[in-house]
């Protein structure tokens, strides 16, 4: 179906909004009146600009407080409407949105409303304009779609139909089944918005918290099914009032919006993009580090070994169990988005890319491309194995990998094994502090795999990031949680595949200003975090110190085996528990924007230790700035 | 009464919170458990720190989900409580907050709740601890203060009392009169918080939107009266969960908090600080301008004349009618707070100070000082007339003035009249383009006075700014309005005196990042804005261009006299109307952080043209960056 977006959903000047909508692949726009009023472009110029951009002007909105008023006021309203119809003529817009009145002067008289809407439509027809009457959820007398439709039906004018808005219908909890009783040709327009489920005043909810379909908790796809079955064939148009989107760059928001409509059409059975190919595991995490020394030392202390080196580029493969880390010391390799500014010691060390083990890398890329993920070049260098990759909203590159699988190119072929005798000398010239020499049992506490990746998202793109990971990668989102750090609340939401082989924790800081120093971490799974922590310390690693008060509280909350709590206290191991089991974890110091976590996860435990995050955040803050 | 604050109300580490609370004059603190857990200080060290800072530890909180549970669970809860009593002993805290249970395991059995609370109190007594039981507004079975009290009464233990929380009581709309039925000595603690009136889920409301008393819409003073009449003599303690305060600097927030308690005690008749002395007008606005040329040219084009010069400093007095502008070209004069960074052309031109005409300058200063406004030195230089002044939360200096009034020192005595023949040559060396020469009637469109001052506030201190202007200056707050600019929503709230002689519009941008370039403007009142605009243009001034679409909309909305709208369109005059009359206004270009507005206000019009602000903001943006 055709897609459209209301200009109020995007930030910037009208010109910027139109450009962003066009680039994201929208077919049309709703022109929001305030955007026109504030624009230096005359309506004819807006019309020409839209034509140049391949956009139709699908709706002009809104007209308010028109109907069911005393005759004198209605005469003034008609006069006002004529002015607007003239603007629409100049604009090339043929449908106007009329919202049900919220005026204290409106009377509860459907017959009068119908009569006046009939008169309005009659006048509109002279200008070649159709009137789409919509029930606002907070309309004074008319606030349900079936009520609005009954007035439209009574008015009985060919230039009068109804406009349906998913938010207004679903926010009130109205059953949308009755939509199918409306003749499709009388549904003049369909506006779509989702919203997180919040118990709050519906007007405030609508004006500040709407989001794109799939980002909230309303069943927009179900509603769309009813509308299509009613016979509606007009555009699917997004109308989203959102305080964050108003501030965000229009370009990414428009792409996010278009993606949401593609996923929505898929969910409603109206489109069949390539099916999602859910990743089964993490093939690798790729770090960039202008200065390899600090992070190499950290990897070595964590028990990683440098096993291979890229044939042509300064990229080392560090491995332990199934955990693979690529360390790229070349010049800036990021090919998408702006890298956040480096912070702290360790220079620009950051997580730049994630290799996702995929059952069908090409299929995963087709899915991603169909949902507007920026596709990266398949080869980094002529001799490299082709590798499908896209960029996530935060700029992280996602590679779809088939690691050492028959018949598929493997990224590992670009690497040459480092001979055993050379293994100990890293790119940084510092010899490995081999684990065997340290006197600790080589297997106890070994890292098995990457448990999860934790990525701080750009503040304005948290909703986008969540929808991206769910729709493009086919991951499931877990509950969103709030976490306090000393200077504000973080929000965190994890996305995972079914068996937990891929877990990505997305989080966002308290305010947009912190975007520059977005911290990331890699959590490494071990069967024995105490042994892992001891190994790490024996190898010279330093764990994040945890305040003693935290352990006094643990003692109050849980019963531990003799000595267990003392061990945690000694090492800085944190503890959490849910219905499914326990979670024990500790943290390394931060290098650049990156740190590591060692985690021991009982099979049934679903979380990420969010309970402990405030303590971790405060401890990291104390480490940086003093307690 | 003694004042206290919960550490969760302030940002930072526990150390930072305690320091801020002490500096702001609090007598004690509630230690929020998470702040202790995340602190590297042992409880004994926290106790010592508090003692050094002159703070008592008035409450430790919270214990949750204790009561009305099966015996096995209660045994575990008692064990947990003992650990906490031990921590409290180390901390020197003698009262613990127990919140009514939200656990799904809690049963609806008041007798069981009372029995278990009795047992808890018995154990607490052994540690010298008192238990204060509080009804959470969302408690599972106990969610009203009278219910909590009835259980406390039934439990009948000397170490068990109740804790009252203004938010939990008022948010549910419970009548607080019944508080007087509780014996004062059984009210172990009183927590105070206000909140803006919002129809939303009470848990979310409580966790994110609480504010200090006087900043929201709850009758906290009324509640306090009941509590005091019941005989409560404990501390007044603030417990505020607020997403913005969590991010703000702890120092100013603590001062804001302490100020709110002083105003609250005054409102409840418990304290008598010096009475507010409401300013009657604006004596002057003082601009700082490292480069005087651009702003001098603007003042001259607006019809101002340089009439006097400071005896010893590079400060000129520009005057027109009752509007007086001081132009200070000396080195940085700000003596309070950090000046925002300069932006755009015109260098650091900014509004640095406001002279408020005061019936009793010394009394106004005493009021301000009693409410913790930072008092500035009374003399700027040895030869200056003494002038009482304080700093507003945004750093603007407020001078309490008696301009040329008998028996009081006047700031004007520091200035020497500029002889008529010298008048035309400003400090910048550019001769005045005198109005008389321009061929325009000298009186029509003349500026009469300053209509209002519009000050963008630091993002984190909007609530503080509003309370400051109301309580310190005795101004009244008008409704808060949302205004859209191309990149987000602004909030704006004006404070005025009764006759509109002083009007200050406080606003705040969409996100904290924009703090650096906080724009200000001075609105100048004229009886004829069209003549004023023409005068200004004839004198070489440039008005902000307003899009034609805006006037098409005006034509649709209002009926104008023939030619009227065309004149507005030609000049860029904006128009608004409310029940009381019309408002016509136009804007100059921006110099540094400052621009001027010319306004013609019908006597009955109460607003500031907020309806037109989106158009103005977009036009200003277009002027800076292109449309």
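Residue numbers (the UniProt record's numbering), protein chains in the order written: chain A, 1 to 627; chain B, 1 to 627.
Where a beta carbon is used, it is the ideal one built from N, C-alpha and C, also for glycine.
Determine the chain A residues that contact residue i at a beta-carbon separation under 8 Å, and present them in chain order.
| i | result |
| --- | --- |
| residue 39 of chain B | 547, 549, 618 and 627 |
Tell me the residue span of the beta strand (DSSP E) that contains residue i.
| i | result |
| --- | --- |
| residue 460 of chain B | Residue 460 of chain B -> no beta strand (DSSP E), and no H or E assigned at all. |
| residue 490 of chain A | 488–496 |
| residue 1 of chain B | Segment: none, residue 1 of chain B is in no beta strand (DSSP E) and carries neither H nor E. |
| residue 212 of chain B | Neither: residue 212 of chain B is in no beta strand (DSSP E) and is coded neither H nor E. |
| residue 585 of chain B | 581–587 |
| residue 256 of chain B | It is not in any beta strand (DSSP E) - residue 256 of chain B instead sits in the alpha helix (DSSP H) that spans 250–267. |
| residue 356 of chain A | 350–357 |
What residue range is occupied by the uninterrupted alpha helix (DSSP H) comprising residue i?
| i | result |
| --- | --- |
| residue 286 of chain B | Unbroken run through residue 286 of chain B is the beta strand (DSSP E), 281–288; no alpha helix (DSSP H). |
| residue 50 of chain A | 43–52 |
| residue 149 of chain A | 145–155 |
| residue 558 of chain A | It is not in any alpha helix (DSSP H) - residue 558 of chain A carries neither H nor E in the DSSP assignment. |
| residue 567 of chain A | 564–571 |
| residue 179 of chain A | That residue, residue 179 of chain A, is in no alpha helix (DSSP H); it is neither H nor E in DSSP. |
List the residues of chain A that residue i touches, going by C-beta distances under 7 Å, in chain order.
| i | result |
| --- | --- |
| residue 489 of chain B | 243 and 246 |
| residue 614 of chain B | 34 and 38 |
| residue 562 of chain B | Correct list: empty, because the minimum Cβ distance to chain A is about 16 Å. |
What does residue i reach in chain A if we use C-beta pairs closer than 9 Å?
| i | result |
| --- | --- |
| residue 669 of chain B | Outside the displayed span of chain B (1 to 627) sits residue 669 of chain B, for which this structure offers no information. |
| residue 201 of chain B | 198, 199 and 200 |
| residue 21 of chain B | None at all; the shortest Cβ gap to chain A is about 15 Å. |
Hey, does residue i have any beta-carbon neighbour from chain A nearer than 9 Å?
| i | result |
| --- | --- |
| residue 204 of chain B | yes |
| residue 80 of chain B | yes |
| residue 340 of chain B | No answer about residue 340 of chain B holds up, because its pLDDT of 44 lies below 50 and its placement is not dependable. |
| residue 221 of chain B | no |
| residue 630 of chain B | Outside the shown range of chain B, which is 1 to 627, sits residue 630 of chain B, and nothing can be said about it. |
| residue 16 of chain B | yes |
Starting from residue i, find everything on chain B with Cβ-Cβ shorter than 7 Å and list it in chain order.
| i | result |
| --- | --- |
| residue 87 of chain A | 552 |
Answer yes or no: does any C-beta atom of chain B fall closer than 9 Å to that of residue i?
| i | result |
| --- | --- |
| residue 123 of chain A | no |
| residue 624 of chain A | no |
| residue 610 of chain A | no |
| residue 62 of chain A | no |
| residue 310 of chain A | no |
| residue 134 of chain A | no |
| residue 140 of chain A | no |
| residue 597 of chain A | no |
| residue 621 of chain A | yes |
Cβ closer than 8 Å: which chain B residues qualify as neighbours of residue i?
| i | result |
| --- | --- |
| residue 12 of chain A | 486 and 487 |
| residue 42 of chain A | 548 and 549 |
Whether or not the segment 385–401 of chain A and the segment 468–488 of chain A are in contact is what I'm after, with contact meaning three or more pairs of Cβ atoms, one per stretch, closer than 8 Å; do they touch? Yes, they touch.
Inspect the CB distances between the segment 30–39 of chain A and the segment 509–529 of chain B and report whether three or more fall short of 8 Å. By the criterion of at least three beta-carbon pairs nearer than 8 Å, the segment 30–39 of chain A is not in contact with the segment 509–529 of chain B.
Closer than 7 Å between beta carbons: that is the criterion. Which residues of the segment 454–487 of chain A meet it against chain B? Result list: 484, 486 and 487.
Output needed in chain order: residues of the segment 250–277 of chain A with a Cβ under 7 Å from some Cβ in chain B. Those residues of the segment 250–277 of chain A that come within reach of chain B (Cβ to Cβ, closer than 7 Å) do not exist; the list is empty.
Would you list, in chain order, the members of the segment 499–533 of chain B that have their beta-carbon closer than 8 Å to a beta-carbon of chain A? Look at the segment 499–533 of chain B: the residues with a C-beta under 8 Å from a C-beta of chain A are 510, 511, 512 and 513.
I want to know whether the segment 442–456 of chain B touches the segment 295–308 of chain B - three or more CB-CB distances under 8 Å. Because the criterion of three Cβ pairs below 8 Å is met, the segment 442–456 of chain B and the segment 295–308 of chain B touch.
For the segment 257–265 of chain A against the segment 16–26 of chain A, do three or more pairs of beta-carbon atoms, one drawn from each stretch, fall closer than 8 Å, so that the two count as touching? With the cut-off at 8 Å, the segment 257–265 of chain A and the segment 16–26 of chain A touch.
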